[in-house]
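Taking our numbering, I'd label the letters of the sequence shown as residues 16 to 101. Structure first, then comments.
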Amino acid sequence: MIGAPPPMRNFLLSTVLIIVPVVVFAAGYAALTPATATPQAASAQAAQPLGDMSAFVAITTDVQKRASQNDLPNAQARITDLETAW
């Protein structure tokens, strides 16, 4: 490398200066990021129940009924009830 012509030496130096930081940062990223969750753990988290949603369903049904009857002020009031209950 010492006897290499200047263009070749510049190319090798540029290559090393690019590859070394990429390898160092990739290794650091791989070492510091947590492992991804296993599919069993992810499905167990998704399978948890949401709780009792019947109040929200009742309000939504009531809003749809009032909106279809063109009773928009009361439908808007029920939407406010939904936002408050949420």
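Positions of the beta carbon are idealized from the N, C-alpha and C atoms, including for glycine.
Query raised in the report: Taking C-beta to C-beta, are residue 70 and residue 90 nearer than 8 Å?
Result: Indexing the sequence shown from 1 puts residue 70 at position 55. Indexing the sequence shown from 1 puts residue 90 at position 75. The answer is no: Cβ separation not under 8 Å.
Query raised in the report: Which residue from 82, 88, 75 and 84 puts its Cα closest to that of residue 97?
Result: As a first step, residue 97 is located in the sequence shown; it is residue number 82 there, counting from the start. Checked all of 82, 88, 75 and 84; the closest Cα to residue 97 is 75.
Requested in this report: Please report the Cβ distance between residue 67 and residue 93, rounded to the nearest whole angstrom; I am assuming they are in contact, meaning their Cβ atoms lie under 8 Å.
Outcome: Walking along the sequence shown from the start, residue 67 turns up at place 52. Walking along the sequence shown from the start, residue 93 turns up at place 78. Contact doesn't hold; Cβ gap of about 19 Å is too wide.
Query raised in the report: Where does residue 23 sit, in a helix, a strand or coil, going by DSSP?
Result: Position 8 of the sequence shown, counted from the start, is the residue given in the question as residue 23. Looking at residue 23 - three-state DSSP - the assignment turns out to be helix.
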